[in-house]
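Structure, as structure tokens:
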Amino acid sequence: MKKMIIGKPLAPKPGFFARLGSEGPVFVIGNDLVASLQKETLSYLPQDFWKLLSNEITTVKINRSAGEFTLERGESAWKISAPFTANPFAEKMEELAKEIGAPKADSFVSLDSKEDAKFGFDKPFLQLTVTDKDKKARTLLLGKIVSEEAGTRYARLKDKAPVAIVNPAFVKAVDVDALDLLDPLVMKQDPSKIKGFKIESALNKITLDREGETWKVIEPKAGAFNAEPEAVFSLQSLWFNLRADGFSAYGPKAEAATFGLDKPLTKIEIKLNNEMGKEESKTLEIGTEVKGKSGSKYARFKGEPAVFNLPAATIMILERTYLAYVPREILKLKSDDVESLIRTGIPGELEINRKNEVWSLSKPKVEIADDRTLNDLVAIVSDLKADSIAAFPATDLKLFGLDAPFAVVGFKLKDQTKKVLLGKEVEGKKGARYAKSEDGKAVGVLSEVIVKKLIASPLFYRDRNITRFPDADQLLLERGPRKATFARVDGNWKLTEPFVSEADQQQLDDALDGLARLRADELIVEKPTPEDLTRFGLDKPETRWQIKNAGKLLLEINLGKRDESATRCYAQIAGKDLVFLLDVKQTNWLQGEFRTRTVWATPLDAVQIDFIKVTSANNNFELAKRNNVWVSVPKPTDRINDVLVNAMLASLSGLKLERYVVDKGASLNLFGLDPVETTIEIGTPMGKRTLLIGRQEGGSKKYYARVADNKQGDVFLISEADSMLIMKPAASLIKAEK
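Heads up, the sequence shown is in the working numbering, so the first residue is 43 and it goes up one at a time.
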């Protein structure tokens, strides 16, 4: 075996001096050969920088541009010894010890570490020094970033060793400050041991004391009152698991003024019983807002060394005014004892009475009331609570529009009447209003949902049962260009016109059950004007259903637009002067599809798809599966995004249409299907499937589509969710070059 010795480079010319053995002639070899030899040598280098068990490490020093800190291992645990003394959080310390005990190189890039500036070792990003029991120190330098995306960095041992690349997990583990290692749990206190709180700030001076099972609040302006249980519970619960969002300083050198803690904005004294049963206290001081973190603030416990950051959600609870502790109760009554609802004020007079568990309107006129609606309302007001308290005690009712209420709603019981006074709308809260009980001292804010029920027109309370019939055997649908008939044939539902096809038995049975006992979700307007009908989309109904039995018309219902929530549609019974809203389930039934919604006549397995081709005016691509890897047919060098392709194939294989637009003989050009705008061909070992896609439905992201070999000439809609997966632009399926 002969040994080749490589010398210095032949500068400025390319190449290196070399010779075989120690006495042979000197010759020149090329740069490529030297690079190749070096590369091969790098692959044989050991990946471990060092390997130590956790209990073999005695000292760790991490030096970063932001500063340095030292960790020392004691007999039983680690401690931070510089720049301050503290116990690190055991869980975080275990993670760090695991990484620093056996740091590894992912790969090596150079045997020559002389070019420090090239790799960032002239000004290291970080310097890690680990000392073992034998007092042997090992130092690892981290240099420049190799890849921003991957988070990798160059690294080498301090004694001019080969240059390596280390993984992002190691970089993240060692790129820490001593403050990062502190336990984020700054207080853990059994709530049952807390006896009281004293909260002081520019806006607050509150004392809360536990008296048995209740809490008493004392506030200079409001006096003494029992606290709102939910508010006290949320305050108590904080201390069981009070967590910092990070630490900003530790130790006597922390400048309190920097964090607004020389003159705390808020002080919270917690009075509690210790394990010996003796009362003691602890005071939390809250300073200024943490830079870059809206609502988060600096804090510390008085006399303790840590300055920590409390998250905005915690600060919101700690800095609430006394109004948060005022009971939010507006009304309390027994719902079964309510005999009448009586309303006066701007929304109009209203009187609704209950007799033998049946509700009826007597004002403004006698009508049958809706039992379900009234029972629900009475259940709500039986324990009516404000969303928040605006004033307590309320001395100036005019401020809230309660001196001359917008409405007064009374609930007559057997021996008394309890009233709710509604004032003006709350600025910035649509539909919400100020409210108080007749004899209450607190003014609260009631939500729009509750207010709407209390100030609604008489129509809101009227009986919502629309129609009833025993059974039906035929449903006729008209929707745009579509006309279809569903009928019972030998006990089973089928599409019978314009041709015979299968139907969804369960959907039709459920829908018919709902129609047979049709109940409005909400009554909207009686005797609608032409303008009303236009507003609700009922001047030219989008959908019309006729329900028949043995040829006799039982019900004809017109469907219009959807409401603001887009989940309920307006409806009207033909020949009736009443517009109402269907509920979500009824809307989905009557605007959905009763035919079988499966697009493919035989099942399509996404796993078996081995070819896909999309052809359109501005989006063309062709993919084939080779050795279970997707490849671009026209450009095999492209890197395909398998995740997006598989999502597309999963959608295509399990594709269900949203609804049919035309069942037979469609004018395909109206839907962008003659000529076809997009063709999707799918290949499997069992043959080819072709989906033809036309234009988008007006005002939506859904697409008209049909299957190529369907001879009925039908057209259906593909949902927005499926359209987003199927109509992917070709460029999105190609991975960007690294």
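Glycine included, every Cβ here is placed at the ideal spot set by N, Cα and C.
{"Item": "Just curious, the beta strand (DSSP E) that SER149 is in, first and last residue?", "Value": "149 to 152"}
{"Item": "Output the boundary residues of the alpha helix (DSSP H) element that contains MET358.", "Value": "354 to 360"}
{"Item": "Between which two residues does the beta strand (DSSP E) carrying GLU598 extend?", "Value": "594 to 604"}
{"Item": "For GLY143, name the three-state secondary structure that DSSP assigns.", "Value": "helix"}
{"Item": "The beta strand (DSSP E) spanning LYS121 covers which residue range?", "Value": "120 to 124"}
{"Item": "So, using beta-carbon positions, are SER726 and ILE651 closer together than 8 Å?", "Value": "The question names Ser, yet the displayed sequence has Thr at residue 726. Yes, the pair counts as a contact, with Cβ atoms nearer than the cut-off."}
{"Item": "Taking a contact to mean a Cβ-Cβ separation below 8 Å, would you say VAL687 touches LEU712 in this structure?", "Value": "no"}
{"Item": "Taking only runs that begin and end inside the region 652 to 737, name each unbroken beta strand (DSSP E) of 3 or more residues, in chain order.", "Value": "653 to 658, 663 to 668, 671 to 674, 701 to 704, 720 to 726"}
{"Item": "By Cβ distance, which residues of its chain are closer than 8 Å to THR415, with the 5 residues on each side in sequence left out?", "Value": "PHE502, TYR503, ARG506"}
{"Item": "Helix, strand or coil for ASP756? Go by DSSP, reduced to three states.", "Value": "coil"}
{"Item": "Would you be able to state if there are at least three C-beta pairs under 8 Å between the region 618 to 626 and the region 553 to 568?", "Value": "yes"}
{"Item": "Please state the DSSP three-state secondary structure of GLY337.", "Value": "coil"}
{"Item": "Can you give, in chain order, each stretch of the alpha helix (DSSP H) that sits fully within the region 57 to 138 and has at least 4 residues?", "Value": "73 to 84"}
{"Item": "Leaving out five residues before and five after LEU170 in sequence, what residues of the same chain have Cβ atoms less than 6 Å from its Cβ?", "Value": "ILE104, LEU182, VAL216"}
{"Item": "In chain order, what residues of the same chain have a beta carbon less than 6 Å from the beta carbon of PRO435, not counting five sequence neighbours either side?", "Value": "LYS483"}
{"Item": "Residue range of the alpha helix (DSSP H) that ASP174 falls in?", "Value": "Not the alpha helix (DSSP H): ASP174 falls in the beta strand (DSSP E), residues 168 to 174."}
{"Item": "Taking the alpha helix (DSSP H) that ALA433 belongs to, which residues open and close that run?", "Value": "No alpha helix (DSSP H) holds ALA433; the beta strand (DSSP E) holding it covers 430 to 433."}
{"Item": "Counting Cβ pairs, one atom from each stretch, are 3 or more of them under 8 Å apart for the region 339 to 355 and the region 447 to 462?", "Value": "no"}
{"Item": "Which term fits PHE282, buried or exposed, when burial requires 16 or more other beta carbons within 10 angstroms of its beta carbon?", "Value": "exposed"}
{"Item": "Does DSSP classify LYS780 as helix, strand or coil?", "Value": "With a pLDDT of only 49 at LYS780, under 50, the local geometry of the prediction cannot be trusted, and the value read off the model is given with reservation. In this structure, LYS780 counts as coil in the three-state DSSP scheme."}
{"Item": "Are the CB atoms of ILE768 and GLU700 within a distance shorter than 8 Å?", "Value": "no"}
{"Item": "What does the Cβ neighbour count give for GLU261, buried or exposed, with the cut at 16 atoms within 10 Å?", "Value": "buried"}
{"Item": "With three or more beta-carbon pairs closer than 8 Å as the criterion, would you say the region 416 to 429 touches the region 480 to 496?", "Value": "yes"}
{"Item": "Rounded to the nearest angstrom, what separates LYS456 and GLU467 at their Cα positions?", "Value": "32 Å"}
{"Item": "At what residues does the alpha helix (DSSP H) containing ILE492 begin and finish?", "Value": "490 to 496"}
{"Item": "What residue from LEU284, ASP378, LEU138 has the CA that sits closest to VAL218's CA?", "Value": "LEU138"}
{"Item": "In this structure, does DSSP put ILE388 in helix, strand or coil?", "Value": "coil"}
{"Item": "Starting from ARG577 and walking both ways along the alpha helix (DSSP H), at which residues does that stretch end?", "Value": "572 to 577"}
{"Item": "Buried or exposed, going by whether 16 or more other CB atoms sit within 10 Å of the CB of GLY293?", "Value": "exposed"}
{"Item": "Does ARG506 come out as helix, strand or coil in the three-state DSSP assignment?", "Value": "coil"}
{"Item": "Looking at the structure shown, is TRP642 part of a helix, part of a strand, or coil, going by DSSP?", "Value": "coil"}
{"Item": "Cβ atoms of LEU496 and VAL451: under 8 Å apart, would you say?", "Value": "yes"}
{"Item": "Within 10 angstroms of the Cβ of ILE236, are there 16 or more other Cβ atoms? Answer buried if so, exposed if not.", "Value": "buried"}
{"Item": "What's the call for ASN351, buried or exposed, on a 16-neighbour Cβ count within 10 Å?", "Value": "buried"}
{"Item": "Who are the Cβ neighbours of ALA648 in its own chain at under 6 Å, not counting the five residues just before and after it?", "Value": "LEU691, ALA692, SER695"}
{"Item": "Measure the C-alpha to C-alpha separation of ALA763 and LEU557 and round it to an integer number of angstroms.", "Value": "29 Å"}
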